[in-house]
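Heads up, the thing below is written out as structure tokens.
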Amino acid sequence: MKRISIDPITRLEGHGRIDIFLDDQGDVANCYLQIPELRGFEKFCVGRPVEEMPNLTQRICGVCPEAHHIAATKALDNVFHVDPPPAAKKLRELLYSIFVATDHTTHFYALGGPDFVVGPDAPAAERNIIGVIQKVGMDIAGRVLKMRRDGHKLIKMMAGRAIHPNWGLPGGVSCGLNEEKRAEIEKLGRDAVEFAKFSLQLFNDVVLGNSTYVDLIKHDMYAHQTYNMGTVDENNHVNFYDGKIRVVGPDGKERFKYDGKDYQEYVAERVEPWSYLKFPYLKQVGWKGLVDGIDSGVYRATPLSRLNAADGMATPLAQQEYQRFYETLGGKPVQPTLATHWARLIEVLYVTENWVRLATDPEITSSEYRVLPTETPTEGVGCVEAPRGTLTHHYVTDERGLVTKANLIVGTTNNNAPICMSVKKAAQGLIKKGEVNEGLLNMVEMAFRAYDPCFGCAAHTLPGQMPLEVRLRDPQGNLVQRLTQYVD
Amino acid sequence: MSKTENMAATEAAEAKSKGKLAIYWAASCGGCEISTLGIDTKILDLAAAFDIVFCPCITDGKTRDVEKMADGEIDVCLFNGGIRTSENEYMAQLLRRKSKVLVAFGSCATEGCIPGLANLHDRKSIFDNTYQETCSTDNEAGVRPQSVTQVPEGDLHLPVFYDTLRTLDQTVKVDYYLPGCPPESDRIWEAIEAIMAGQLPPPGSVIGSNTTVCDFCNRTRSEKKIKEFKRTWEVIPDPDTCLLEQGLVCCGPATRAGCGCLCPQVNSPCIGCYGPPGDAQDFGARLMSALASVIDSNDPREIQAIIERGIPDPVGTFYRFSLAGSLLRRGKRPEAENGHGQQAATGGAS
Amino acid sequence: MAERVGVYVCHCGSNIAGKVDVADVAKFASEHIKDVVVARDYKFMCSDLGQKMVEEDIKKEGLTRVVVAACSPHLHEKTFRRACSNGGLNPYLLDMTNIREHCSWVHKDPVAATEKAKSLVSASAERVKFQQPLEPMYVDVNPTTLVVGGGIAGLQATLELADAGHKVVLVERLPSIGGHMAQFDKTFPTLDCSACILTPKMSEVGQHENVRLLTYAELEEVTGSVGNFHVKIRQKARKVDFDLCTGCGICVEKCPRKVVDTEFEAGMGMRKAIYMPFPQAVPRVPVLDTESCIWFERQRCQTCEKLCPTKAIRFDQEDEIIEVDVGNIIIATGWKPFDCTKIPQYGYGRLPNVYTGMEFERLCNAAGPTSGKIVLRDGKTVPKSVAIIHCVGSRDLNHNPYCSGICCMAALKFAHLLIEKTGAQVYSFYIDIRTNQKDYEEFYQRLLQEGVHFVRGKVSEVTDATRRPDETGKTIVQCEDTLTGRQERYPVDMVILMGALEPQFDARELGLKCGISCSMAGFYTERHPKLDPVATMTDGIFIAGVCQGPKDIPASVVQGAAAAARVAGMITKGKVMIEPIVASIREEDCSGCRICNNMCPYNAIEFDETRAVSRVITALCKGCGTCVSACPAGVIEGAHFNNSQIFAEIEGALWDAVPPAGVPGESESAGVSAS
Amino acid sequence: MSDDSFEPKIVGFLCNWCSYRAADLAGTARISHAPNVRIIRVMCSGRVDPTFVLKALSLGADGVMIAGCHPGECHYIEQNYKAMRRYYMLQHTLKAMGVEEQRVQLVWASAAEGQQLADAIDKLVADVKALGPLGWSKNWAENGDRIRALEDIVNEHKEALEVPR
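So the sequences go chain by chain: A, B, C and D.
Following my numbering, the numbering of the first sequence begins with 125 at its first residue and continues without gaps.
Following my numbering, the numbering of the second sequence begins with -7 at its first residue and continues without gaps.
Following my numbering, the numbering of the third sequence begins with 19 at its first residue and continues without gaps.
Following my numbering, the numbering of the fourth sequence begins with -5 at its first residue and continues without gaps.
And the structure:
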């Protein structure tokens, strides 16, 4: 038995380590993705005043802090039994849309994009944002940077800080919008819509225009027949801020649809001794191990899943693209993991359209953006669609509002099992006779990169990475060869 | 800065020999990296001035290459994140040896940040909570992650999770500090410029202002007398008056300037993410002392009532970001136990 | 560059060496404390030879810091600071640590004592390295002095200074100076007439060229500090033009409105609405009491205004604020009598024939309401039997734990006057008779001769409820005679309650204005109970008379003179040193959060609105350091007690405790370094 | 846990005017008391910064005494009230950190109360003895597998073979 150890995987949020075991033929016998860190937020949130949660829990992740901030804030509404005024909800959703647009952009251009824009087997040194900039040129790079710049500028303007805002309160938000700010948000929103369209065009030209990539996307080695989870509005359209959680089966049929507060009836988490990250699964389907199929509780919660779990998009342009997506990839559900990149860009289009819609809502500048809670705090759940999957915050407090129990199921955690499976399947498809090379290993990594995993979030762990390494061990487990990638 | 200027800057920088820069994250959230990307187009100036020899977040630089470098070969290493596991500590020691200048980058590396609140507990209680007590956890077998697990195909290793999260300078010698959660992009760029220009303060010092957040606060302030501390959800504060004078525990007076007083601008009290200013020793002590001093009562009972009602969570209030870096570093720890539970019992549980 | 520290361990004969192994402590210092270049133990460090040793070492060994481990710095810090100066070292580079009072004298086990001494020396040596040279500040002393209170103590102080040629501003709350002494008939034990000895002093003050007399006036505000106080005084409206009034008294004579005089006559007599408290009042300018004046009641009468020959009546006169600059302040605000109604079982206010001491003083005062005739409230009955009850409200945990000091003698005086004037039977109920001054005991013996019945015991009740026929019409005093152990009932015609001396009702308030503190009881706290009884913790502010604690007339006079002498000394010196132990704010780092602004009871911290920073007014700072520890940004520096000094002292004190794990990287990474 | 051989190390912050003089008086009057308190003189209890207490505890002190003039008798008029407020604030926090409140005691003693101060010292020492050593710095000493884990990582990297590109 030989072992290839990818420690750790790169260009994602957080630690990850892949151990690939090869049988005597050098084919993949088994494959484990390990998450080597834990932070224990659920433990040390206990004893804190619950109103601190939006500020504390967002430190789980500096990439998607707004997701945690808003989910925790929504949980606070329920903990204090207070219904925020309409303007408050719209402000939160506006901020959230701006955030998702910014975050998805970052992933596509800085993390996932390089594999396509620069190429999966391009020199490692070029497979990064700077490589992308050099490939696409300063004009396009400028637009990418502007998109991020605008997003962070507006988040800072609305919520105090671009990263780790200080804004959400039970019953609303700490600060509203004046006309001047609103106008700027609208203006930059319209630019953002254009940018989203542009990004889809870019994807169209660079990826869909390249048959190798299309084949790669459609290749079965990157596909899984799993359940798909996502949040939908009353019309079963994709929604990031609020709605019901909908789960469709591998057959594309709706299997569950529930309120976030009932998540415990539908989701449970497994513990494995070889990973700090738990493995959620659909409770009512059951845990069958790291396998897919209609009888396995393994599910995915990704941009792709959200599209699969919904019947469409709530905004016109995104809806058009949604239809094109399914026409191109052969109807619902679309299961190939790499299609997630496309789905992600469709979501960017949706949230930017939503951004403009909310920015032009007459109520958005209302001074009614906060009500004071009057009831004794007890318990509450708050859910949003984080860029990386359905995010759930659940708090129980004493009568003084101090947290007595906390439970968090974070975007990427949902995808722990499928990511492990994707990596394994990719490895099995790619590694034969123990032959490995750098580009090939990167293609293994592409399997998880599509999920835009944030293991920082996932195990509420602390991101950190080590280089990609391949270790070949003989049947006795002695290391006979270690390949290391080089940077020139 | 316009593109052409960028290019110009790039070429100019390439003219002189490039420095070597490493940016590493240990026990952090990634916000520091995102904030670094926030320097926006200046990222190109950075790339021009430095070979980014190691920055796992955005490039594919490898630890193996770092290990092969000569000691002190890296000119500057921006190290963010606290020391939570053996892997974090290994990387801290490795990068310390390989770097001429090691900068504790961001709140986590500087003072532990929010994850440092875990120092109120130990590994066992954290494991028990995460892998057993949390309501959605399904773990009848009582499985706990193991540093070594035997699976049918062989052994799987996990880094050891420490009882106490440590700051970078509690682990290795640190040359400079760049506080903030995360540090504002502008401050990061200023620091990088200072480094590029070789205009650094004396070693051991913080790169940043010595005044506090109040210095940048436009709210009107008067003498302080506090009869009641209020929770943020209890009051809609007046936008023009000092938040502390309205009873909200605003950390501004004890917090180093650098953010530009952002939170109070959206009517939220400062939560102290930039840590203490100047050479103040213990953030919590400074804030405790200041707040207590202005309590408007001389009656022991009343004083205690005011404190207990208004500040139900003193550690979370005074040491929100700085517990790991504080004088006491952590809460009293129960007799140390191995949180991994019975190796035999759970080893095979997979 | 490293400091060169000299450590000196004093034997103090056997006082220290008898318990602490001083040689071992010195050895410890030289071997274990960094930067210690000289460590000696010596028989008597405070001796000339000991001081010389320090001077020599400073010169020869080039010491930059000195630690003396000996007695309390309160005793010899000055001594060794001088020694340092003589050696050419800034005196503030010395630290004294106390291994006598705090160590050798109080610990039984020599080993433990020696170990503690080491810790104290270690703490001191670590601290001293961080001390900085400081220069004391000097300010000129304004030669004018403010005296608050025109009682005998204040008058004495005023005259001492004025006669010595110094200007004095004397402020008195009441219309006339004189204080309580003016109300008395006789003074014990000499029995000379109180007025006769007091009034000359009063008129002397009234006419003195160096005295500015402000009666019917109160202290409003004190700012500034020693040498230069700025004082605001409220001159209450007399409704009489001070300059025009000749004191003829027609207004008083013709005023139709009579009211009970609760002030001077203690409620025993009447006065007019416009009045002079007593014939010999100084100044001889009446005061119009608007409370009782008919004009102020219903805009009629105006008799005084019509009849005043100099047209001095001013109904429209308002209070005015007078501002004066003075260099020193003497507080002599005296006392107020205990309110006897607080002890209902003694019947005062309920039983007609129960009197307070002050009422009786007026009763037997020749100038009093009865022209000195001792009669009951009916105005004619002469008492045949009188009970005098001591310690009313004194030595009583329910009221005042302290002894009022003078009541015993006053009671004896009353007894004598009663026997002399009425021949009545006098019963004196006492706990202890305290006659501990010159000629007092003799006076007591004399009264024993005169046949006063002394009953030792605390009176349980004074009542008019009669039980026996012989009690009818009498007031009965119920008391256990603790000498015979029997409960007795004493039917008498008159009862006199010797009430306690209590601090003025506004003593604390005035204390706050002047920045001096009060004891629990409310008497002002002296700088040192034995060695510095008239100075206070606040430089330039002195206390004299009963405001400092109960005392009799001679003692009050002594303190008045003593306070004056202290002030005269400062005036002659012309300059006063201010300890450089003060706080200062690093303005460039101050963010103006204003936390410190109300930390200072001396208002030494001001806020600069324009620059939005806080600032310490050095002259006002007393160096307590409270603002230093309050500053959330740590930008306030407390000279001689700054953080680095105290941190070092803590570390030194714990030299033998477990050190916290430092930076493990270096050592532990050894095993990890190869790769 | 109580251990007779245990001699607590205690730091005492005494104000210059009352409590320090009370300690002097205790000496003059030869009122013997426990030798465990190492006295540090400050001008006023109002100078005592919570940092001092935390510093002492983190450096290995088993207890801390803060002593000042009686409320209302402060040499600086009212500064000991500020000391009192800070004391309660600090105790509130120490409690949450797991430091028993008897380890840090606030004492009022006037210059005349040598006996009271001596008694207070004996009480504090007895209380701390009953609680046992604090040994705070032991709190963050990791157990053995820390070093082992570090070596594991090193060894894994060491054993790796180098393969030319």
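Even glycine gets a Cβ: it sits at the ideal position worked out from N, Cα and C.
Being a predicted model, the structure only gives us computed values, none of them experimental.
Where residue i sits in the DSSP three-state scheme
i: ARG318 of chain C; result: coil
i: ASP357 of chain C; result: coil
i: GLU136 of chain D; result: coil
i: GLU624 of chain C; result: strand
i: PHE46 of chain C; result: helix
i: TRP479 of chain A; result: helix
i: LEU325 of chain C; result: helix
i: GLU559 of chain A; result: coil
i: ASN359 of chain A; result: coil
i: ARG306 of chain A; result: helix
i: LYS276 of chain C; result: strand
Residue range of the unbroken alpha helix (DSSP H) whose run includes residue i
i: ASP120 of chain B; result: 115 to 120
i: ASP343 of chain C; result: That residue, ASP343 of chain C, is in no alpha helix (DSSP H); its beta strand (DSSP E) goes 338 to 344.
i: PHE449 of chain A; result: 440 to 453
i: TRP181 of chain B; result: 177 to 189
Beta strand (DSSP E) segment containing residue i, residue limits
i: GLY587 of chain C; result: Per DSSP, GLY587 of chain C belongs to no beta strand (DSSP E); it is in the alpha helix (DSSP H), 571 to 591.
i: PHE260 of chain C; result: Premise fails: PHE260 of chain C is in no beta strand (DSSP E) and is neither H nor E.
i: VAL444 of chain C; result: 443 to 448
Of the residues the options, the one placed nearest residue i, counting alpha carbons only
i: LEU301 of chain A; options: A:ARG314, A:ILE533 and A:LYS280; result: A:LYS280
i: GLY190 of chain B; options: B:ASP67, B:PHE46, B:GLY323 and B:THR28; result: B:ASP67
i: ALA50 of chain D; options: D:SER26, D:HIS86, D:GLN73 and D:ILE34; result: D:ILE34
i: CYS100 of chain B; options: B:ARG56, B:ARG158 and B:GLU59; result: B:ARG158
i: GLU503 of chain A; options: A:VAL495, A:GLN149 and A:PRO173; result: A:PRO173
i: GLY578 of chain C; options: C:GLN566, C:ASN661 and C:PHE659; result: C:GLN566
i: TYR620 of chain C; options: C:GLU606, C:VAL631 and C:ILE635; result: C:ILE635
Length of the line joining the Cα atoms of residue i and residue j
i: VAL475 of chain A; j: SER289 of chain B; result: 53 angstroms
i: ASP375 of chain A; j: SER298 of chain A; result: 45 angstroms
i: LYS3 of chain D; j: VAL129 of chain C; result: 15 angstroms
i: GLU655 of chain C; j: LEU515 of chain A; result: 50 angstroms
i: TYR405 of chain A; j: GLY200 of chain B; result: 47 angstroms
i: SER221 of chain C; j: GLU107 of chain D; result: 45 angstroms
i: LEU192 of chain B; j: TYR168 of chain B; result: 9 angstroms
i: LYS92 of chain B; j: MET83 of chain B; result: 15 angstroms
i: GLY630 of chain A; j: MET177 of chain A; result: No information on residue 630 of chain A is available, as it lies outside the stretch 125 to 612 that chain A covers here.
i: THR321 of chain C; j: ASP259 of chain C; result: 16 angstroms
Scan the stretch 599 to 614 of chain C for residues whose Cβ lies nearer than 7 angstroms to a Cβ of chain B and list them as they occur along the chain.
ASP607, SER609, GLY610, CYS611, ARG612 and ILE613
Using a Cβ cut-off of 8 angstroms, which residues of the stretch 630 to 664 of chain C contact any Cβ in chain D, in chain order?
LYS640, GLY641, CYS642, GLY643, THR644, VAL646, SER647, ALA648, GLY656, PHE659, ASN661 and ILE664
Any residues in the stretch 100 to 131 of chain D with a beta carbon nearer than 8 angstroms to a beta carbon of chain C? Which ones, in chain order?
ALA105, ALA106, ALA112, GLY129, TRP130 and SER131
Selection of the stretch 214 to 230 of chain B by Cβ proximity to chain C, strictly under 9 angstroms:
SER214, GLU215, LYS216 and LYS217
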